[in-house]
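Numbering (our numbering), first residue to last: 37 to 1161.
A virtual CB, placed ideally from N, CA and C, is assigned to each residue, including glycine.
Model, not experiment: these values are computed from the prediction.
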Amino acid sequence: MKSNHYFRSSKLCRALLILLLMVVPVQWSMAQLNLNTPHTTLKSIIQQIQAQSKFQFFYDDKLSDISVEPLSLKNAAVEDVLNLVLKGKNISFKVEDNIIYLSEKKDQNNKEQQQTGKEKKISGQVVDESGEPLIGVNVLVKGTTNGVITDFDGNYALVTNEVNPVITFSYIGYKSQEIPFKGQNVINLTLQSDTQIIDEIVVTALGIKREKKMLGYAVQDVKGDALTSTGDAQVANALQGKVAGLSINSSTTGLGGSAKITIRGNSSLADNNQPLWIVDGVPFTEESYSGASMYGGVDRGSTSFDINPEDIESISVLKGPNAAALYGSRAGNGVILVTTKKGTRKDGFGVNYSGTFTWTQVADELERQKKYGQGNNGEYSPQSIYSFGSELDGSLKTAWNGAEIPYLNYGSKMKDYFNTGFSQNHSVAIGNMKEDAHFRTSFGYSNADGMFTGESLRKINIDLNAGMKMNKYLSMDAKVSLSNTKAENRPTYGAYGEVSQLLLVPNNIRLSDLSQYSTPEKFHVNWTPPTTEYLNPYYVNKQRQNQDERWRAFGFYNLKLNFTDWLYLSAKYAFDYYRTRIVESDLSNGTKYNTMQEIEEDRLTRQEENHFESNAEFLLIGNNKFGEKFQLNYMAGANFMYSDQNIYGGDVENMTYKNQWYWNFANNINNVTENGWRRVTNSVFGSVQMAYNEYVSLDITARNDWSSTLPKDNNSYFYPSFNLGFVASDFVRTHWNKMPEWITFAKVRLSAAKVGKDAPPYAIYNRWEGGYLKGQAKKPELSSTKANNNLRPETSWSYEAGLDMKFLNNRLGFDFTYYYTRTTDQIMTIPEAAPWKLRWINSGLIVNKGVEAMIYATPVQTKDFTFNLNVNLSHNTSTVKELNEKKKHIYFEGDQFMPVYVGAVEGGKLGDIYAKRMYKRDENGQIIMKNGVPVFTTDEQYSLDHPIGNIQPDLLMSVTPSFTYKGFTLSALFDMKFGGDVVSVSEAIATSHGISKRTEQRGELLLPGMNEDGTVNTQRIDAQLFYQAVGGRQQAVAEEFVYNASFIRLKEISFGYSFPSLLLRKTPVSSLRVSFVGRNLAYLMKHTPGTSPEGGYDTSMFSQALDFSSLPYSRTFGFSINVGF
């Protein structure tokens, strides 16, 4: 017995549908049918009955083509229709609940079927390898049409009169089994999964679902459960370690900090390496608001934070131009393709709740010396800003505030200063899915208090998606997502931030004495003299306040018109709008941040940004099958994109009401600026996929964009892609049937693609900028960046080859990819003579090449226990082949107050780190000494010839083991990076102040090196002199503080228990799972001195080379609960 089309689906869909049919009572006699058919088949009649009722049919496919005479019935009962249709057909029917079974009547003239015996009653239960009941398993007496399906608990009961019957058990996705009857009345069975027959479906470009085995390029899929297993509210961070070749640059800046994804390494000289985000087929603007810098500022996170992870069904990562060519110029760096959840098949509405509660604590900090206190040259001084004083001995000394206190080490400044952060995430979803409609709505709420006093972050998400089939030809679906994110008092970073100020507090100073940060007269109180730029960290926390809030609306409306069962047209309109408000205030409590001048008036700075994007898209999609072996899929489409952005900001003084965030309370609006841009891109595209016998496929895609940001002569650019997939295992089995049994699957793939990128808005026009100053319109000023009306689009050619192998019935496998990408005509700025500062150019040739590997194994699999192991590996090299004709080196970012640059030098590697001040060395690499002190050089060319490191790792790796025992699951994620370098500016500053661990060695030092006359250095120097010569922020010898950025980290862990369905059967709860979760629990290996090797106060390439006043490394732990009703 076989099911019809509606039951040839996945295990879950089938189970839920059968449950729906069994639970919803339908009166047999109530269904009223209208039929008016010419001469037709039984299959056609069945389809019409199903369309007009809730009945489903089980029958043998050979009954489908039985001829049925013309019918004309109105308001007829189902029973009357079947009696009329089957009259004289030798077919009987039986109704159980809402399922109708059709079977042939036994032919009394058939000798085989005349063999009868004693009635045999057979019953039992069918379960999977984990012991869970299987719903809807076909249980059939072999050679007959006598059969049943298992119920909700996997139970069945079968009656037969056959002599020596053989009972067959079959279920989609599992190996069929045959059990001979030998007198037993109970047959319990465990079905084994058969992964060979499951073709993995992935979401590809434009949201089209494809069989993964037929693709000619690399795609990696991450299920929603893997993203939410440890309760990370930031989707981008949750992806880390789960996709080969994908890296996350995360700023270490507290709650909701920025995170930038890079796929297959950096390839842009303008640091434009982030992929395109697509949510449910619609472009989703991902932007970082990292205002953190070396001077200070605040990191306000990334807009991908607006997505509720609990709404995500899966994420497909399209790696590079080969997979993403159909998305156009914005997809040159790959695509993050997010598919959100829809309703599930269930009686009534299904309700799901998930909640996560976590705590975050400081785990480590920069290693400090613990032996010495405040002072210079070995002498204690309460007025000194340095920690080169005498050894801490517990004696009473006069402190900076005049109090007599023991001269001791008062412990970890960081751990004492920071609080334990707490966050809670809640999500409730209600949904339902029928054959012709689906509906889901969800509400998400996140609230977190950070480790900084007063730091908080709140997020609200509302999501609604629905769809319906209006008739045979027309269907629609729509989605609206609303979010509101509000943060208060995000920490200030850089030289004047809290971390920087805490870093330099001497061991002998009690933090409790600093908590009173101002006098009754509202003047700044600190442990340093009032003539320095050092600030009380509590003052920084309380007097520099900020708030940011973002409102977002995102959605689409889509109509689908089915011309035939092989051709349809879809039309979609999508929008993405968000408004961001940023407010900062300096209160009149004494010292300003970058000076020691008093602030006589409150100052408030405010900025508002409005961003809007719309996309109108039309797709014509068809598929045809020629014979049994040839398949042709094709698509043609057009997209019309419009986007704009407006920024309005300024500052005011002399607030009437203190601590107010609104300009209408200001007495003096000072400086107001306005800025904005618009862009339009029109596109046409198409694709053709040809497949033969499901083992060879060829995809050809083409797209042409017309961009408003490029000059008229260059604004049209075309790019194709070619992708070939060949399933060698299927080919060999089909033609020779000689494939070794231990090889389950073997596939090779090849692809080539070209993609272009347009310019930023107004790069081809010289811009005039205006605004208002103290209420008066400012004289328009010419932009400092010179336009270029001859810009061409950037061009990338990418080539890819891959091998996908599976062994031992999918117990072991790997997916290997090699890629090579060549990017030319990069659009960037370089320095320009006055009156300009910069100008736009096309320049540069960057070559990226690398390998990716995904390895997966199931080393142990028994009835109750399973051990799975997944490994991701990737290696990428980015080489600077060519730069500008006149300028052979480019600094991406750097600063006069920092000791390093990150840049590109022709012939070097992208991301090389260059120092401003270096040790001068002889031809043998030995440091040249003079009077016992190293000789330094500041020669730029010397630095360019001797990079001190590179930010790019040699190998990215992640290992994910998971163990399942009955209802228990334990999983972990080990995140690893090998190679790459980071400069610890924090340690350089701490060294110049006598704080770092290395400065614990005092007295005189004998440094290794050679004198200028070629003799070995034997002269000793004072330790403080050396530490202050090589340390500091502006003049540090960076190579002294370069560390290997390699690490092994326990990134995630989850231990949970899922309650069995039998235990919950008599409760309203249909599913229940509780888990312990942890994130960033420990570095198992690292080389940096207590700080995180990932560094970075923002997500740029430059900041990733630096550990500079980053938030101390922290760990998060908690628990989660998931309940379904």
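Residues near residue i by beta carbon distance below 6 Å, same chain, minus five either side
i: Ser-787; result: Gly-252, Tyr-253, Asn-358, Asn-759, Glu-836
i: Glu-888; result: Ala-280, Gly-281, Thr-853, Ser-910
i: Thr-831; result: Gly-792, Thr-860, Asp-861
i: Asn-4; result: Only positions 37 to 1161 of the chain appear in this structure, which leaves residue 4 out of reach.
i: Gly-1126; result: Asp-400, Glu-401, Leu-402, Glu-403
i: Leu-550; result: Asn-572, Tyr-574
i: Phe-1095; result: Leu-1108
i: Gly-160; result: Val-222, Ile-223, Asn-224
i: Arg-1085; result: Asp-1011, Tyr-1119
i: Ser-1156; result: Gly-267, Thr-392, Ser-1111, Val-1113
i: Pro-643; result: The amino acid at residue 643 is misidentified as Pro; the sequence shows Gln. Same-chain partners within the cutoff: Ile-618, Gly-685.
i: Glu-585; result: Lys-522, Arg-617
i: Ala-1167; result: In this structure the chain extends from 37 to 1161, so residue 1167 is not present and cannot be described.
Contacts around residue i, its chain only, beta-carbon distance under 7 Å, and the 5 residues preceding and following it disregarded
i: Ser-283; result: Thr-298, Leu-992
i: Gln-633; result: With a pLDDT of 36 at Gln-633, under the threshold of 50, the predicted position of this residue should be treated as unreliable, though the coordinate-derived value follows. Once the five neighbours on either side are set aside, Gln-633 has no close Cβ partner at all.
i: Glu-868; result: Lys-822, Leu-874, Arg-875
i: Glu-349; result: Gly-260, Thr-375, Thr-376, Lys-377
i: Ser-820; result: Trp-872, Lys-873, Leu-874
i: Asp-307; result: Phe-928, Ser-1136, Met-1137
Residue(s) in a DSSP beta bridge with residue i
i: His-911; result: Val-887
i: Gln-897; result: Thr-902
i: Trp-313; result: Phe-320, Ile-372
i: Phe-393; result: Gln-460, Phe-1155
i: Leu-1041; result: Ile-1057
i: Glu-830; result: Lys-793
i: Pro-418; result: Bridge partners of Pro-418: none, in fact.
i: Ser-1150; result: Val-398
i: Leu-839; result: Val-784, Phe-852
i: Leu-818; result: Trp-804
i: Asp-687; result: Thr-641, Asn-707
i: Tyr-509; result: Paired residue(s): none; Tyr-509 is not in a bridge.
i: Met-1012; result: Met-993, Ile-1084
i: Ile-466; result: Val-387, Thr-477
8 Å Cβ shell around residue i - same chain, five flanking residues per side excluded
i: Asp-164; result: Leu-170, Tyr-210, Thr-226, Leu-227, Ser-229
i: Tyr-670; result: Ile-657, Gly-658, Asn-659, Gly-722, Ser-723, Val-724, Gln-725
Rounded Cβ spacing between residue i and residue j (contact assumed at less than 8 Å)
i: Leu-194; j: Val-184; result: 6 Å
i: Ala-1065; j: Val-969; result: 7 Å
i: Asn-986; j: Gly-947; result: 5 Å
i: Val-271; j: Pro-345; result: 5 Å
Endpoints, the beta strand (DSSP E) within which residue i is located
i: Asp-261; result: Element bounds for Asp-261: not the beta strand (DSSP E) but the alpha helix (DSSP H), 260-264.
i: Ser-139; result: 135-140
i: Thr-1127; result: Taken as a continuous stretch (DSSP letters only), Thr-1127 belongs to no beta strand (DSSP E), as it is neither H nor E.
i: Gln-270; result: It is not in any beta strand (DSSP E) - Gln-270 carries neither H nor E in the DSSP assignment.
i: Asp-116; result: Counting along the chain, Asp-116 falls outside any beta strand (DSSP E), though it belongs to the alpha helix (DSSP H) covering 114-121.
i: Ile-351; result: 348-354
i: Phe-283; result: Correcting the residue identity first, residue 283 is Ser in this sequence and not Phe. Ser-283 -> beta strand (DSSP E) spans 282-286.
Limits of the alpha helix (DSSP H) - the one that residue i falls within
i: Met-504; result: It is not in any alpha helix (DSSP H) - Met-504 instead sits in the beta strand (DSSP E) that spans 492-505.
i: Val-1021; result: 1021-1028
i: Val-541; result: No alpha helix (DSSP H) holds Val-541; DSSP gives it neither H nor E.
i: Lys-451; result: 449-453
i: Lys-245; result: Premise fails: Lys-245 lies in the beta strand (DSSP E), 245-247, not in any alpha helix (DSSP H).
i: Ala-87; result: 78-88
i: Ser-765; result: 764-771
i: Gln-161; result: It is not in any alpha helix (DSSP H) - Gln-161 instead sits in the beta strand (DSSP E) that spans 156-163.
The ligand SAH heavy atom lying under 7 Å from the CB of residue i
i: Ala-652; result: Ligands are entirely absent from the displayed structure, and the ligand SAH is therefore not among its contents.
Uninterrupted alpha helix (DSSP H) stretches inside the region 545-586 (no shorter than 4 residues): Listed in chain order, they are 573-579.
Runs of beta strand (DSSP E) wholly within the region 848-882 (minimum 3 residues, chain order): Correct list: 848-867.
Entirely enclosed alpha helix (DSSP H) segments - the region 940-1003, minimum 4 residues: Within the region 940-1003, the complete alpha helix (DSSP H) runs of at least 4 residues are 976-981.
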